[in-house]
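Chains as they are written, first to last, in this note's numbering: chain A, 519 to 644; chain B, 21 to 348. See below for the structure under consideration.
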């Protein structure tokens with residue numbers, strides 16, 4: 519990749535969002551957000567198209583589903599960073615098949631999975 | 021008394037079976053080997069609110085709008101008579117006429133009449149609707165608790181990784197980490213409390229609590245109840261202000277003082293909280309001494325979490341800080 523990839527971060531817990539922001543920037547990415555709610559995230563997506571997204575699932579009570587659906591429609595790949603287990607995520611088709619790096623997530627795993635979805639997204643488009 | 025005991029007693033000739041059956045609150049039916057109701061106890065008629073006349077002589081699979089007409093239940097009951105098997109706790113979920121949706125456990129056993137070797141089936145019903153609901157509620161509560169715990173662990177980890185280490189001793193790092201950690205704990209406890217009227221005052225009191233009386237002068241504004249999502253950012257902002265004042269600002273000098281006030285204004289029809297912090301009589305402020313993490317914390321808290329703005333100014337008289345956050 520020649521230019522810095524832009525990653526949308528959706529996370530409602532302040533310190534976790536800041537850590538994600540710092541982790542991604544230290545790894546050389548640009549961060550869109552972090553957005554703490556569905557409405558904030560959708561607002562950001564109206565203005566810019568990220569290359570990928572990292573999504574927390576439970577945002578102060580509401581699920582991130584609407585954001586995931588918009589991202590899918592935009593063909594922007596995403597990974598989840600959520601404490602929910604597979605069985606709990608199963609109820610939402612759009613989230614069911616996404617990679618979940620868990621919470622707290624290991625930095626290595628997060629960056630590896632992010633690289634992976636960016637790579638496959640790039641190869642899809644070439 | 022469970023079904024085994026009742027079964028044993030019913031085989032004995034000395035027992036007033038009818039009396040026992042009627043004492044049982046649990047619904048009980050006696051069926052013939054074709055599934056027709058021979059008899060039922062008062063518990064059955066009262067629980068399902070059906071009359072004796074609507075039940076006795078009719079097939080179990082017809083009564084109550086056919087609620088019991090389930091293929092699996094028919095098969096199981098069909099197996100009991102020839103094989104002397106038993107059904108224990110077969111779960112039936114149905115919307116029963118008169119009593120509504122219930123979950124029932126069905127237990128059934130073959131009875132052989134001592135006088136003529138005719139076969140009957142004794143069926144006991146247990147209403148476990150409330151028990152199942154309680155279990156479902158418990159599952160939800162457990163999932164939410166686990167989720168909350170994961171978030172707290174991730175939050176503490178985020179604090180540990182972002183608290184600065186450069187140019188600091190282990191003790192200084194730990195002190196900085198624990199200070200913010202305690203701000204997180206305060207926020208968590210406040211959020212868990214049964215909604216006090218005035219969250220903001222409580223938070224301020226706790227954040228300023230360590231300071232000697234008179235060093236931090238608070239001019240209270242109106243009582244403000246904060247949303248759950250506002251508690252942590254405000255707690256952390258207050259902690260930053262107080263800590264920095266101690267280390268480099270007004271509170272690092274005995275004559276230095278910090279003033280804190282707040283008010284609520286209507287801006288374009290929406291309520292906005294204005295929080296103002298002003299230091300005076302402190303050491304001359306030369307350049308920003310706040311750590312990278314501290315600055316980022318204030319910025320993120322104000323802009324992302326609170327959806328507002330924060331302004332920090334290094335005036336000649338002392339540091340001033342102003343937060344404007346929509347209250348919704």
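Yeah, the Cβ is synthetic: ideal placement off N, Cα and C, and Gly gets one too.
Environment of residue i [buried if 16+ CB atoms lie within 10 Å]
i	result
residue 48 of chain B	buried
residue 631 of chain A	buried
residue 195 of chain B	exposed
residue 150 of chain B	exposed
residue 520 of chain A	Residue confidence is low: residue 520 of chain A scores 43 on pLDDT, short of 50, so the model does not pin down where it sits. Its coordinate-derived value is still stated next. Exposed: under 16 other Cβ atoms inside 10 Å.
residue 200 of chain B	buried
residue 129 of chain B	buried
residue 330 of chain B	buried
residue 644 of chain A	Its pLDDT being 49, under 50, residue 644 of chain A is placed unreliably in this model, and the coordinates cannot settle the point.
residue 33 of chain B	Residue placement at residue 33 of chain B is poorly supported in this model, since its pLDDT is 46, which falls under 50; the coordinates are not used for a value here.
residue 621 of chain A	buried
residue 324 of chain B	buried
residue 312 of chain B	exposed
residue 618 of chain A	buried
residue 28 of chain B	exposed
residue 58 of chain B	exposed
residue 95 of chain B	exposed
residue 136 of chain B	exposed
residue 539 of chain A	buried
residue 336 of chain B	exposed
residue 536 of chain A	buried
residue 63 of chain B	buried
residue 552 of chain A	buried
For residue j and residue i, believed in contact at Cβ under 8 angstroms, the rounded distance
i	j	result
residue 124 of chain B	residue 147 of chain B	6 angstroms
residue 143 of chain B	residue 44 of chain B	Between residue 44 of chain B and residue 143 of chain B the Cβ distance is about 12 angstroms, and since that is not below 8 angstroms, they are no contact.
residue 281 of chain B	residue 328 of chain B	With a Cβ gap of about 17 angstroms, residue 281 of chain B and residue 328 of chain B do not count as contacting.
residue 594 of chain A	residue 571 of chain A	6 angstroms
residue 333 of chain B	residue 301 of chain B	About 17 angstroms separates the two Cβ atoms, so there is no contact after all.
residue 257 of chain B	residue 318 of chain B	6 angstroms
residue 93 of chain B	residue 112 of chain B	7 angstroms
residue 291 of chain B	residue 347 of chain B	4 angstroms
residue 253 of chain B	residue 532 of chain A	6 angstroms
residue 212 of chain B	residue 244 of chain B	Rounded, the Cβ-Cβ distance is 18 angstroms, inconsistent with contact.
residue 204 of chain B	residue 179 of chain B	7 angstroms
residue 349 of chain B	residue 305 of chain B	Coverage of chain B is limited to positions 21 through 348, which leaves residue 349 of chain B absent and any answer about it impossible.
residue 530 of chain A	residue 569 of chain A	Contact flag wrong, Cβ pair sits at about 22 angstroms.
residue 210 of chain B	residue 251 of chain B	5 angstroms
Within-8 angstroms CB hit, residue i to chain E
i	result
residue 552 of chain A	Note that chain E does not occur in the displayed structure, where the protein chains are A and B.
Partners in chain B for residue i, counting only beta-carbon separations shorter than 8 angstroms
i	result
residue 566 of chain A	Correct list: empty, because the minimum Cβ distance to chain B is about 16 angstroms.
Contact list for residue i against chain A, beta-carbon separation under 9 angstroms
i	result
residue 253 of chain B	532
Within chain A, partners of residue i - CB distance below 7 angstroms
i	result
residue 325 of chain B	532, 554
residue 173 of chain B	622
residue 316 of chain B	536
residue 137 of chain B	Those within 7 angstroms of residue 137 of chain B in chain A number zero; the least Cβ separation is about 52 angstroms.
Interface partners of residue i on chain B, CB under 7 angstroms
i	result
residue 606 of chain A	163
residue 540 of chain A	182
Near the ligand SAH: residue i beta-carbon under 7 angstroms from a heavy atom
i	result
residue 243 of chain B	What this structure holds is no ligand at all, so the ligand SAH is not there to describe.
Chain A residues whose Cβ lies nearer than 8 angstroms to that of residue i
i	result
residue 167 of chain B	576, 601, 602
residue 249 of chain B	530, 554, 578
Residue i: contacting residues in chain B (beta-carbon distance under 9 angstroms)
i	result
residue 535 of chain A	178, 320, 324, 325
| message | Whether or not the stretch 519-535 of chain A and the stretch 601-617 of chain A are in contact is what I'm after, with contact meaning three or more pairs of Cβ atoms, one per stretch, closer than 8 angstroms; do they touch? | response | Judged by Cβ distances under 8 angstroms, the stretch 601-617 of chain A makes no contact with the stretch 519-535 of chain A, as fewer than three pairs qualify.
| message | Quick test of the definition: if touching needs 3 or more C-beta pairs under 8 angstroms, does the stretch 579-591 of chain A touch the stretch 145-164 of chain B? | response | Counting Cβ pairs under 8 angstroms, fewer than three are found: no touch.
| task | Pair every Cβ in the stretch 74-85 of chain B with every Cβ in the stretch 168-187 of chain B, then say whether three or more of these pairs are closer than 8 angstroms. | result | The answer is no - the stretch 168-187 of chain B does not touch the stretch 74-85 of chain B, with fewer than three Cβ pairs under 8 angstroms.
| field | Under 8 angstroms (Cβ pairs) to chain A, residues found in the stretch 44-74 of chain B | value | Listed by position along the chain: nothing, the set is empty.
| request: Taking only beta carbons into account, state which residues of the stretch 175-193 of chain B come closer than 8 angstroms to chain A, listed in chain order. | output: Along the stretch 175-193 of chain B, the positions whose C-beta sits under 8 angstroms from a C-beta of chain A are 175, 177, 178, 179, 181, 182, read in chain order.
| task | Residues of the stretch 611-638 of chain A with a CB closer than 7 angstroms to any CB of chain B: list them in chain order, please. | result | Taking 7 angstroms as the cut-off between beta carbons, the residues of the stretch 611-638 of chain A near chain B are 621, 622, in sequence order.
| field | the stretch 576-583 of chain A contacting the stretch 552-568 of chain A, beta-carbon criterion three pairs below 8 angstroms | value | Touching, yes.
| request: Would you check if there are 3 or more beta carbon pairs closer than 8 angstroms linking the stretch 252-270 of chain B to the stretch 218-229 of chain B? | output: Flag = yes, the stretch 252-270 of chain B and the stretch 218-229 of chain B touch.
| request: Identify each residue in the stretch 260-272 of chain B for which the Cβ-Cβ distance to at least one residue of chain A is less than 8 angstroms, and report them in chain order. | output: Correct list: empty, as no residue qualifies.
| request: Pull out every residue of the stretch 193-213 of chain B whose Cβ sits closer than 8 angstroms to any Cβ of chain A, in chain order. | output: Against chain A - using a Cβ distance shorter than 8 angstroms - the residues of the stretch 193-213 of chain B are 204.
| Which of the residues in the stretch 81-106 of chain B, read from start to end, lie with their CB under 9 angstroms from any CB of chain A? | Identification of residues in the stretch 81-106 of chain B having a C-beta nearer than 9 angstroms to some C-beta of chain A yields an empty set.
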